[in-house]
Amino acid sequence: MADCVFCAIVAGAPADVVLDEEHFVAFLDVRPLFKGHVLLVPRVHVVTLPDLPAGLRDGFLEATQRLAVAATTALGAQGTFVAMNNIVSQSVPHLHCHVVPRTKGDGLRGFFWPRTKYADGEAAACAAKLREALAAVDG
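For the sequence shown, full-length UniProt numbering gives the first residue as 1, with consecutive numbering after it.
Right under this line is the structure:
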């Protein structure tokens, strides 16, 4: 879809890509809740989870699992927060799953989520760590 920012990333627009596979792409959120906050998207443009073709459902969840493992091994997170919005609060109308590294006492409460920023070069380094951890998970 021509005006979709996530479709542009899938097509090769600049992003800190963490996972690049046949059906899915994952990249760092440019306004992360915490550093290492990843968005997983299907390559095909679908707006919501109910729109996701049946043949992609298992792979989407499996990729989400692998990203959650990578967040804990690569970034020292104690766990992850995994979420999707469908229409309401969906800032980009392209299905995406948030995988956010979490630690006890990190300050994330309820649904009032502060956003952070990466320093120069920090996003690329974080993405590289996550790619390495994914390679180990896939190993």
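Just so you know, even glycine gets a beta-carbon here, dropped at the ideal spot from N, CA and C.
The beta carbon of Val18 sits closer than 8 Å to the beta carbons of Ala26, Phe27, Leu28, Val38, Leu67, Ala70, Ala127, Leu130, Arg131 and Leu134 from its chain, once the five residues preceding and following it are set aside; these are given in chain order.
Rounded to whole angstroms, the gap between the alpha carbons of Thr48 and Val100 is 19 Å. Rounded to whole angstroms, Phe60 and Val30 show a C-alpha spacing of 21 Å.
By the neighbour-count definition (other C-beta atoms within 10 Å, threshold 16), Val88 is an exposed residue. The Cβ-Cβ distance between His94 and Val41 falls below 7 Å. Following the DSSP letters along the chain, one finds Leu134 in no beta strand (DSSP E) but inside the alpha helix (DSSP H) bounded by residues Glu122 to Asp138. Taking a C-beta distance under 7 Å as the contact criterion, His23 and Leu52 do not qualify as a contact pair.
With contacts defined by Cβ atoms closer than 7 Å, Asp16 and Ala124 form a contacting pair. Residue state for Leu40 is assigned as strand, using DSSP reduced to three classes. Under the DSSP assignment, Val18 falls in the beta strand (DSSP E) whose first and last residues are Val17 to Asp20.
Taking every protein chain shown into account, the CB of Lys35 has 16 or more other CB atoms within 10 angstroms, so this residue is buried.
Check the Cα spacing between Ala83 and each of His96, Thr103 and Arg43: the tightest is with His96.
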